[in-house]
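Residue numbers (the numbering used here), protein chains in the order written: chain E, 4 to 398; chain C, 4 to 398; chain S, 73 to 208; chain D, 73 to 208. Have a look at the structure below, then the notes.
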Ligand SMILES: Cc1ncc(COP(=O)(O)O)c(C=O)c1O
Ligand SMILES: Cc1ncc(COP(=O)(O)O)c(C=O)c1O
């Protein structure tokens with residue numbers, strides 16, 4: 004079975020008897036990723052883009068190849084549109100400070116945004132407009148259109164798949180609508196990119212962010228896509244060595260993007276590992292991934308639905324890659340503790356979407372999220388542990 | 004010999020027959036560092052500070068232990084004074100945007116600063132005052148004092164050891180002087196920390212930055228020290244998930260420093276690897292390191308000094324951990340290429356100090372830098388290759 | 073404190089199965105008296121906790137006593153244990169007590185390193201109360 | 073171009089030792105004619121190069137010729153090779169030439185991936201000249 008073979012690619016599952024249902028927080032990393040980083044660290048470890056020596060060239064070459072791999076993965080036209088960042092959070096901060104601060108009149112977000120797609124806009128003190136949701140947390144597209152009509156030059160910043168409720172926004176349609184009103188669009192693909200193909204050319208997004216550690220890659224690395232047309236509008240962000248053409252005490256001539264945004268020594272091993280993660284993902288293929296994960300999610304939902312007093316916050320059929328729920332009269336935190344004691348690792352709490360939780364009138368949920376390696380045995384063990392926990396807490 | 008045993012700790016030297024004399028760019032990484040990261044990646048890979056599950060707690064615990072290790076290494080009083088960053092460049096940008104922008108009237112720097120300690124101050128549009136150098140590139144402390152006297156509320160930002168010329172500033176004296184005039188001081192210890200002990204309590208620095216990858220640790224991680232007294236004056240920088248107490252659409256209550264500055268998923272593996280690197284460094288000990296490296300540098304200088312037409316830019320005796328030179332009528336770039344062809348990896352160019360090079364009336368230099376693992380055979384091979392290169396270029 | 077702590081350590085050590093340990097804590101949590109709604113105010117609430125926890129101090133003959141509550145059962149049980157351990161002691165006795173001792177209870181929640189560790193925050197609240205009394 | 077390129081490839085392949093290869097390039101660099109100081113102006117200078125390089129075009133009977141110089145000997149030699157390969161060709165011929173072919177010279181400087189790759193910048197300058205002529 005392919006599913007067992009995939010599990011073998013991850014050393015974690017040899018080392019641990021835990022049921023890992025927290026892939027939306029961070030994914031486990033396949034051996035090929037760790038090997039790629041190890042090769043850098045032991046065979047051609049050098050700083051990049053600076054030296055004329057061969058070792059430095061080898062490292063630079065691998066780093067730039069990783070950029071190309073990520074560019075192709077996201078279907079971008081030109082690899083200079085891919086900037087390495089620390090992760091999604093840094094990517095959004097970068098867009099806020101370097102672009103939106105000067106060029107956006109306000110920011111329109113959905114009601115499902117992660118704190119990382121709220122706070123950076125607060126910080127540049129732009130009016131924040133929240134698209135109303137219909138029942139089941141789907142966006143009210145008419146309200147979205149009215150916001151666009153009332154707010155020329157807005158930046159629209161949208162989560163693709165919700166990390167807290169597994170809902171996927173119709174971003175292609177929403178981007179097209181936004182563009183009709185002259186708005187630019189940033190997509191937070193932190194949660195979606197590991198589960199479905201992202202085709203930036205087709206989506207026509209203006210900005211898009213992903214994190215390596217949610218894509219079977221290492222921590223400390225991510226990518227930001229900025230459409231080439233917008234490069235001339237973008238100001239420097241974090242500045243320093245490596246980003247420059249010429250430095251004088253009173254002014255600096257910067258290199259073009261992406262280098263302007265990659266000052267200092269970047270996470271070289273991380274970028275190389277990120278490239279290897281994308282290659283791994285592509286070797287498995289989205290056809291398999293989508294089918295496998297949908298099966299697992301359907302299997303979990305089928306069993307969860309039979310549990311008494313379970314509460315979902317969106318249509319069961321619309322949940323992808325993660326499931327959020329509560330059991331009435333039981334605190335999600337109690338469930339989290341007892342599941343953990345039974346070796347089941349899920350996340351409980353507000354999942355970095357406090358405003359959404361407040362809207363729903365709750366403090367948080369239990370969230371189960373799956374990855375390429377999750378299997379039915381994981382779900383069985385989770386359901387069994389959940390039932391026991393409920394019995395203990397209700398009994 | 005301890006020196007050979009140390010070399011064995013680095014897988015790089017088993018894999019490569021190159022002479023690596025570019026440790027000031029980035030150091031090689033010992034096995035214990037790679038193993039620590041591998042353990043995270045394969046045994047307790049989880050996101051931190053979010054989950055109540057045991058795996059997440061294990062990761063959080065190791066991450067916070069790394070912070071403690073670094074805090075003790077730098078002799079800071081309280082581990083909340085240590086913030087994980089991407090590296091020195093990010094650390095300086097953070098101080099510029101979150102502290103200096105609001106609280107500094109101007110910035111005073113030395114004439115030897117790395118671009119990463121120039122550009123962030125340009126970006127916040129503060130007047131930049133450069134301390135004049137005496138012959139041999141040492142700072143004119145009288146001029147420094149006059150700058151301090153003329154500019155109340157300045158921030159002083161000083162390189163500790165010059166990455167380009169191996170000179171070490173008398174920072175304890177300079178910090179005391181600055182404090183006498185009410186200025187705050189940031190120390191860029193990127194180059195010094197791997198060669199000599201840094202005792203922040205003793206130095207009384209207000210801010211200090213280091214990079215993991217220059218301390219035998221991984222890329223993509225560094226640390227920033229901010230003195231506790233100044234925490235109340237520091238504003239948020241990169242914002243997002245994980246940095247918060249409570250989020251509302253119109254405002255956010257942040258967690259205290261360091262968490263306020265560690266939004267998003269940090270480089271968890273990197274932080275853990277950084278902690279292991281510091282432990283490695285401490286296990287070798289600065290007594291050995293200083294003695295060994297001074298020997299190597301003295302040995303190299305002795306042979307270099309005999310080369311005809313060699314040009315140094317500072318007193319030979321004052322060079323520590325790195326040596327910069329030119330051969331008159333030969334371009335440093337030609338030397339770099341030919342040394343590389345003879346397997347000797349040095350760095351040639353402006354070393355990210357263009358204003359300093361302009362002051363000296365040169366484009367750049369050849370820089371040789373050493374680490375804990377550098378041995379005399381490396382120097383011999385370098386000198387031999389250098390002589391051959393000079394002969395080819397002059398001949 | 074030491075004595076009560078040791079009682080709990082002993083009691084908890086009777087359980088081989090970790091689930092039984094938590095069964096016991098849940099039981100404690102369920103049986104613990106609740107605060108009145110008007111007592112659940114910010115002044116008594118623990119900041120920096122993943123769930124809501126309240127601790128109210130009472131002073132009787134110079135000694136401190138604690139009323140506790142939480143919206144989660146397990147934390148309620150844990151708060152109850154804490155309140156009980158520190159009850160009926162002089163402020164200075166509390167301040168002299170080494171909280172590291174509490175790790176011996178072997179409850180992961182106590183040694184959790186997360187930045188919003190409720191248990192640490194609860195202990196801090198109790199210490200704050202003791203300090204306030206000592207000063208006053 | 074192909075012919076001249078193949079000559080160079082052959083010539084460079086004669087050297088077993090890489091140092092001899094660079095001896096040859098240094099020799100070319102030393103013998104190459106220099107530009108006059110007043111020709112070393114920004115207009116002809118290559119942007120984004122670790123050393124200073126100048127390339128001047130000359131048009132004779134519709135064909136392009138290149139005068140080159142650099143402050144480093146090796147780059148001077150490399151620039152000389154480049155200038156020679158592309159010399160005496162129509163702008164359109166230059167534009168049709170696949171620069172990947174140049175990698176066959178086996179010179180690491182040509183395939184360097186660093187962002188300020190002088191060699192790539194030199195080729196870009198030559199292509200820019202060819203484009204300008206084609207348009208004009
Ligand atoms: C003195 C000095 N400051 C700052 C930096 C920048 O450090 P990083 O590239 O790790 O951000 C360096 C490294 O090149 C350095 O040597
Ligand atoms: C939807 C979404 N956006 C943003 C983030 C933040 O990503 P990172 O922590 O990698 O910066 C996350 C991860 O928690 C997420 O799920």
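All residues carry an ideal CB built from backbone N, CA and C; glycine is no exception. In this text, all values refer to a predicted model and were calculated from it rather than measured experimentally.
Counting only Cβ pairs nearer than 9 angstroms, list the residues of chain E close to residue i.
i: residue 193 of chain S; result: None at all; the shortest Cβ gap to chain E is about 14 angstroms.
i: residue 143 of chain S; result: 334, 336 and 366
i: residue 119 of chain S; result: None at all; the shortest Cβ gap to chain E is about 15 angstroms.
Can residue i and residue j be called in contact, C-beta distance under 8 angstroms?
i: residue 258 of chain E; j: residue 274 of chain E; result: no
i: residue 169 of chain E; j: residue 324 of chain E; result: yes
i: residue 283 of chain E; j: residue 16 of chain E; result: no
i: residue 77 of chain S; j: residue 152 of chain S; result: no
i: residue 94 of chain E; j: residue 84 of chain E; result: no
i: residue 166 of chain C; j: residue 193 of chain C; result: yes
i: residue 223 of chain E; j: residue 269 of chain C; result: yes
i: residue 244 of chain C; j: residue 92 of chain E; result: yes
i: residue 345 of chain E; j: residue 255 of chain C; result: no
i: residue 262 of chain E; j: residue 358 of chain C; result: no
i: residue 138 of chain E; j: residue 356 of chain E; result: no
i: residue 373 of chain E; j: residue 313 of chain E; result: no
i: residue 174 of chain D; j: residue 150 of chain D; result: no
i: residue 121 of chain E; j: residue 104 of chain E; result: no
i: residue 352 of chain C; j: residue 216 of chain C; result: no
i: residue 140 of chain E; j: residue 178 of chain E; result: no
Which value, in whole angstroms, describes the spacing of the CA atoms of residue i and residue j?
i: residue 79 of chain C; j: residue 196 of chain C; result: 14 angstroms
i: residue 20 of chain C; j: residue 347 of chain C; result: 9 angstroms
i: residue 370 of chain E; j: residue 10 of chain C; result: 47 angstroms
i: residue 394 of chain E; j: residue 326 of chain E; result: 21 angstroms
i: residue 158 of chain S; j: residue 157 of chain E; result: 56 angstroms
i: residue 301 of chain C; j: residue 397 of chain C; result: 27 angstroms
i: residue 151 of chain C; j: residue 318 of chain C; result: 27 angstroms
i: residue 56 of chain C; j: residue 46 of chain C; result: 14 angstroms
i: residue 229 of chain C; j: residue 154 of chain D; result: 53 angstroms
i: residue 107 of chain D; j: residue 194 of chain D; result: 16 angstroms
i: residue 203 of chain S; j: residue 136 of chain E; result: 49 angstroms
i: residue 147 of chain C; j: residue 172 of chain C; result: 12 angstroms
i: residue 296 of chain E; j: residue 290 of chain C; result: 56 angstroms
i: residue 49 of chain C; j: residue 322 of chain E; result: 23 angstroms
i: residue 32 of chain E; j: residue 265 of chain E; result: 25 angstroms
i: residue 70 of chain D; j: residue 133 of chain C; result: This structure cannot speak to residue 70 of chain D, because chain D is shown only from 73 to 208.
What in chain C is Cβ-close to residue i, meaning under 7 angstroms?
i: residue 18 of chain E; result: 45 and 46
Run through chain S and tell me which residues come within less than 9 angstroms of residue i, C-beta to C-beta.
i: residue 363 of chain E; result: Per Cβ cutoff of 9 angstroms: no residues; residue 363 of chain E is ~16 angstroms from chain S at best.
Anything in chain E within Cβ reach of residue i, meaning under 8 angstroms, just list it in chain order.
i: residue 91 of chain S; result: 341, 344, 345, 391 and 395
Looking at the C-beta of residue i, does it have a partner C-beta in chain B at a distance below 8 angstroms?
i: residue 185 of chain C; result: Chain labels in this structure do not include chain B; the protein chains are E, C, S and D.
List, in order along the chain, the chain E residues whose C-beta lies closer than 7 angstroms to that of residue i?
i: residue 85 of chain S; result: Within 7 angstroms Cβ-Cβ: nothing; residue 85 of chain S doesn't reach chain E, min ~16 angstroms.
i: residue 32 of chain C; result: 44 and 48
i: residue 133 of chain C; result: 252
i: residue 122 of chain S; result: 336 and 352
Which residues in chain C sit within 9 angstroms of residue i, going by Cβ to Cβ distance?
i: residue 269 of chain E; result: 89, 90, 222 and 223
Is it true that the segment 27 to 43 of chain E meets the segment 262 to 281 of chain E, where meeting means three or more beta-carbon pairs spaced less than 8 angstroms apart? Yes: the two stretches touch, three or more of their Cβ pairs being nearer than 8 angstroms.
With three or more C-beta pairs closer than 8 angstroms as the rule, is the segment 186 to 194 of chain C touching the segment 153 to 163 of chain C? Contact between the segment 153 to 163 of chain C and the segment 186 to 194 of chain C is established, with three or more Cβ pairs separated by less than 8 angstroms.
Three-pair Cβ contact test at 8 angstroms for the segment 135 to 146 of chain S versus the segment 82 to 98 of chain S: Yes, the segment 135 to 146 of chain S is in contact with the segment 82 to 98 of chain S.
Report the residue ranges of all alpha helix (DSSP H) runs contained in full by the segment 184 to 251 of chain C; include only those spanning at least 4 residues, in chain order. Taking only runs of at least 4 residues, the alpha helix (DSSP H) segments lying wholly in the segment 184 to 251 of chain C are 203 to 206.
Note down, one range per segment and in chain order, each alpha helix (DSSP H) of at least 4 residues found wholly within the segment 31 to 94 of chain E. Assignment of alpha helix (DSSP H) within the segment 31 to 94 of chain E, counting only whole runs of 4 or more residues, yields 34 to 46 and 57 to 76 in chain order.
3-residue-minimum beta strand (DSSP E) runs that sit fully inside the segment 322 to 358 of chain C, ordered along the chain: With a minimum length of 3 residues, the continuous beta strand (DSSP E) runs that stay inside the segment 322 to 358 of chain C are 325 to 330 and 350 to 352.
Which runs of the beta strand (DSSP E) spanning at least 3 residues fall entirely within the segment 103 to 176 of chain C, listed in chain order? You should have 109 to 112, 131 to 133 and 157 to 162.
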